[in-house]
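To keep things clear, I will list the structure first and then write my remarks on it.
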Amino acid sequence: MSSIETDYLVVGGGAAGIAFTDALVADSDADVVIVDRRHRAGGHWNDAYPFVRLHQPAAFYGVNSRVLGSDTIDTTGRNAGGYERVTAAEILEYFDHVLASLVGSGRVRFFGMSDYEFDGGDTHRFVSRLTGEETTVTVRRKLVDATYLETSVPSTHTPSFAVDEDARMIPVNGLVKLADSGSGFTILGAGKTAMDACIWLVDEGVDPGSIRWVRPRDGWLLNRDYAQPLELIGWMMEGVARNLECAAEAQSVEDLFRRLEASEQLLRVDESVEPTMYRCATVNRGEIETLRSIEQVVRLGRVRSIGTSAIEMEDGTLPTDGRQIHVDCTADGLHVGPGRPIFAGDTITLQQVRTCQPTYNAALVGFVEAVKGDEVTKNRLCPPNPYPTRATDWIGGTAISQRSEMVTMADPEVGPWREASRLNAAAGLMDHLDDPMVTAAAGRFAIFGEPAIENLHRLEASLTS
Ligand SMILES: Cc1cc2nc3c(=O)[nH]c(=O)nc-3n(C[C@H](O)[C@H](O)[C@H](O)COP(=O)(O)OP(=O)(O)OC[C@H]3O[C@@H](n4cnc5c(N)ncnc54)[C@H](O)[C@@H]3O)c2cc1C
Numbered sequence: 025m026s027s028i029e030t031d032y033l034v035v036g037g038g039a040a041g042i043a044f045t046d047a048l049v050a051d052s053d054a055d056v057v058i059v060d061r062r063h064r065a066g067g068h069w070n071d072a073y074p075f076v077r078l079h080q081p082a083a084f085y086g087v088n089s090r091v092l093g094s095d096t097i098d099t100t101g102r103n104a105g106g107y108e109r110v111t112a113a114e115i116l117e118y119f120d121h122v123l124a125s126l127v128g129s130g131r132v133r134f135f136g137m138s139d140y141e142f143d144g145g146d147t148h149r150f151v152s153r154l155t156g157e158e159t160t161v162t163v164r165r166k167l168v169d170a171t172y173l174e175t176s177v178p179s180t181h182t183p184s185f186a187v188d189e190d191a192r193m194i195p196v197n198g199l200v201k202l203a204d205s206g207s208g209f210t211i212l213g214a215g216k217t218a219m220d221a222c223i224w225l226v227d228e229g230v231d232p233g234s235i236r237w238v239r240p241r242d243g244w245l246l247n248r249d250y251a252q253p254l255e256l257i258g259w260m261m262e263g264v265a266r267n268l269e270c271a272a273e274a275q276s277v278e279d280l281f282r283r284l285e286a287s288e289q290l291l292r293v294d295e296s297v298e299p300t301m302y303r304c305a306t307v308n309r310g311e312i313e314t315l316r317s318i319e320q321v322v323r324l325g326r327v328r329s330i331g332t333s334a335i336e337m338e339d340g341t342l343p344t345d346g347r348q349i350h351v352d353c354t355a356d357g358l359h360v361g362p363g364r365p366i367f368a369g370d371t372i373t374l375q376q377v378r379t380c381q382p383t384y385n386a387a388l389v390g391f392v393e394a395v396k397g398d399e400v401t402k403n404r405l406c407p408p409n410p411y412p413t414r415a416t417d418w419i420g421g422t423a424i425s426q427r428s429e430m431v432t433m434a435d436p437e438v439g440p441w442r443e444a445s446r447l448n449a450a451a452g453l454m455d456h457l458d459d460p461m462v463t464a465a466a467g468r469f470a471i472f473g474e475p476a477i478e479n480l481h482r483l484e485a486s487l488t489s
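In terms of the numbering used here, the sequence shown is residues 25 to 489.
What follows is the structure in structure tokens.
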């Protein structure tokens, strides 16, 4: 057994743990130990399907100290007109460089292939998966739990349904290894991974008629056209202004979603079905059109079992055959848990603050930890904002996010930090005040900001009354 000492013990070397560490060490003299059971940084991206790309621009993903990708606007392909979205391979290479640089500073140590055991006690220890050696850690300042939102992906999760050994099922990662097309494809899952699988198959020339999509829930999707930073920040600001306007003026929950759709902030694949899910999945209109080309949509609830002639589902049975390729896209993605205080005594639990921007949030928490003293102030700047799953979670999540935007913007230390942070999708706003789209949107923030928050609280209360 060996023992080490550090100021901060960060459990989880995924994007969140690394973004937190990067921001913390940039503005403090802290020493940090990062522990992860994987062999390298990057978390779930290590197990991602080969054709995945970030849903959102790389320009505001990763860590604060290093640009990811080239900060350029794509001119060809599905993302033409939008800021570059990088692949999983690029993300992993990026985190290798980031970690090397952090370790090179002499203030960060990374212990891969190591399990930390959360036991709630004061003694911290992790065990190497390769040698079995146990290391105890004396933590001078804080334990940082960067696993609370741990992402589940198809290649490593255990499906919640049984599969007959003679039925054909692959995780989404297996699509690129197929040697034949079987009798067609049945995509299982309603989230962004399933959408990516459908779009990839169609782009590779598969006839949409040979794809069935098992979609237990329909979801509201974010419109990537309005998630554009840097030179396209006017679109981002316009999107935020439209969101606030809808939130301020909606008469009911139903009316809110009608307005958000009419103002192009939320999209759905099937306009005849009311979505019940919202998970921050981000698409553009071209992707929606491709998804609409898949007409065999199965809405019989979740899968219970897959056999060689039938798929048993919650609300019925779907015929299948032994050659059909069932593609598992049913992993949960980001873990959904109740919010807990981010700063609580000698523990920091990384969670969402601003909706749908996990690495910005982790860096924000790192910066706030570095520069602020008392816990009340830290928690006021960084309120936990539970990751959304139901459509109606948009309401409370947006209210918390908007309030925290106002509080952080007004703070004398955090305000300038966020204005300069590359992870802040709205960074550089002050440099674009000559852009008429930006100034028009800013005027609407002032009008609709507070009324939006108030009305969202009213709408949220109406859900339980
Ligand atoms: C397909 C896909 C696309 C996405 N696209 C975007 C996007 O475009 N923009 C965006 O902002 N977000 C996107 N996300 C969200 C994404 O999940 C987050 O951006 C981020 O990668 C999550 O990082 P994390 O560190 O919270 O979790 P993880 O990546 O899950 O990392 C957690 C780490 O903790 C480790 N760990 C857990 N328990 C222990 C333990 N006891 N001991 C040791 N180690 C432990 C795990 O091994 C893991 O490496 C996407 C997600 C998916 C699945």
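Note that the Cβ used here is the ideal one computed from N, Cα and C, for glycine as well.
query: Per DSSP, which residues does Ser329 bridge with? Please list them.; result: Ala186 and Glu336
query: Determine contact between the region 405 to 417 and the region 364 to 381, defined as no fewer than three beta-carbon pairs at a distance below 8 Å.; result: yes
query: Gly243 lies in the beta strand (DSSP E); which residues open and close that run?; result: Gly243 to Asn247
query: Between which two residues does the beta strand (DSSP E) containing Met137 stretch?; result: Counting along the chain, Met137 falls outside any beta strand (DSSP E), and DSSP gives it neither H nor E.
query: Could you give the first and the last residue of the continuous alpha helix (DSSP H) run that contains Tyr118?; result: Ala112 to Gly128
query: Residues in its own chain within less than 8 Å of Ser27 by CB, not counting five upstream and five downstream?; result: Thr159, Thr160, Val161 and Thr162
query: On a Cα-Cα basis, can you pick out the residue from Glu437, Met433 and Glu319 that is closest to Ala450?; result: Met433
query: Taking the alpha carbon of Arg102 as the point to measure from, which residue in Ser179, Ile312 and Arg133 has its own alpha carbon closest?; result: Ile312
query: Counting Cβ pairs, one atom from each stretch, are 3 or more of them under 8 Å apart for the region 64 to 80 and the region 138 to 153?; result: no
query: Are any of the Cβ atoms in chain C nearer than 8 Å to that of Gly369?; result: Protein chain content of the structure displayed is limited to a single chain, and chain C is not contained in it.
query: Between which two residues does the beta strand (DSSP E) harbouring Leu158 extend?; result: Reading off the sequence, residue 158 comes out as Glu, not Leu. That run of the beta strand (DSSP E) goes Glu158 to Asp169.
query: Does the distance from the CB of Ala444 to the CB of Leu268 come in under 8 Å?; result: no
query: Check whether the region 92 to 112 and the region 28 to 37 touch, using three or more Cβ-Cβ pairs below 8 Å as the test.; result: no
query: In the DSSP assignment, the alpha helix (DSSP H) including Thr463 goes from what residue to what residue?; result: Pro460 to Thr488
query: May I ask which residues mark the beginning and end of the alpha helix (DSSP H) holding Pro440?; result: Val438 to Ala444
query: Anyone know if the C-beta pair for Gln289 and Arg323 falls short of 8 Å?; result: no
query: Quick one: grab the DSSP three-state call for Pro299.; result: coil
query: Taking Cβ positions, are Ala465 and Val264 nearer each other than 8 Å?; result: yes
query: For Thr118 versus Pro81, is the C-beta spacing smaller than 8 Å?; result: Contrary to the premise, residue 118 reads as Tyr rather than Thr in this sequence. No. Outside cutoff.
query: Starting from the Cα of Leu92, find the closest Cα among Leu358, Thr344, Ala186 and Arg446 and give me that residue.; result: Arg446
query: Under a three-way DSSP split, which group does Arg77 fall into?; result: strand
query: If you reduce the DSSP assignment to three classes, tell me which class Glu29 lands in.; result: strand
query: Can you tell which of Ser179, Gly66 and Met261 has its C-alpha closest to the C-alpha of Ala113?; result: Gly66
query: Per DSSP, which residues does Pro343 bridge with? Please list them.; result: Ala334
query: Count the other CB atoms within 10 Å of the CB of Gly243; is the residue buried (16 or more) or exposed (fewer)?; result: buried
query: Examine ligand 1 and report whether any of its heavy atoms sits within less than 7 Å of the Cβ of Phe325.; result: Before going further, note that residue 325 is Gly rather than Phe in the sequence given. The answer is no for Gly325.
query: Which residue comes first and which comes last in the beta strand (DSSP E) that contains Thr371?; result: Thr371 to Thr373
query: In or out: Pro408 buried (at least 16 other Cβ within 10 Å) or exposed?; result: buried
query: For Asp459, which residues of its own chain have a beta-carbon under 6 Å away from its beta-carbon, when the five flanking residues on both sides are left out?; result: Gly258
query: Output the distance between the C-alpha atoms of Ser138 and Pro183, rounded to the nearest integer angstrom.; result: 25 Å
query: Using a threshold of 7 Å, is the CB atom of Thr373 nearer than that to any non-hydrogen atom of ligand 1?; result: no
query: Just to check my reading of the structure: Val56 and Val132 have Cβ atoms closer than 8 Å, yes? What is that Cβ distance to the nearest angstrom?; result: 5 Å
query: Terminal residues of the continuous alpha helix (DSSP H) containing Thr422?; result: Asp417 to Ala434
query: Starting from Asp193, trace the beta strand (DSSP E) in both directions and tell me its first and last residue.; result: Rather than Asp, the amino acid found at residue 193 in this sequence is Met. Its beta strand (DSSP E) spans residues Met193 to Pro195.
query: Just to check my reading of the structure: Cys304 and Ala218 have Cβ atoms closer than 8 Å, yes? What is that Cβ distance to the nearest angstrom?; result: Contact doesn't hold; Cβ gap of about 15 Å is too wide.
query: Pair every Cβ in the region 388 to 407 with every Cβ in the region 352 to 372, then say whether three or more of these pairs are closer than 8 Å.; result: yes
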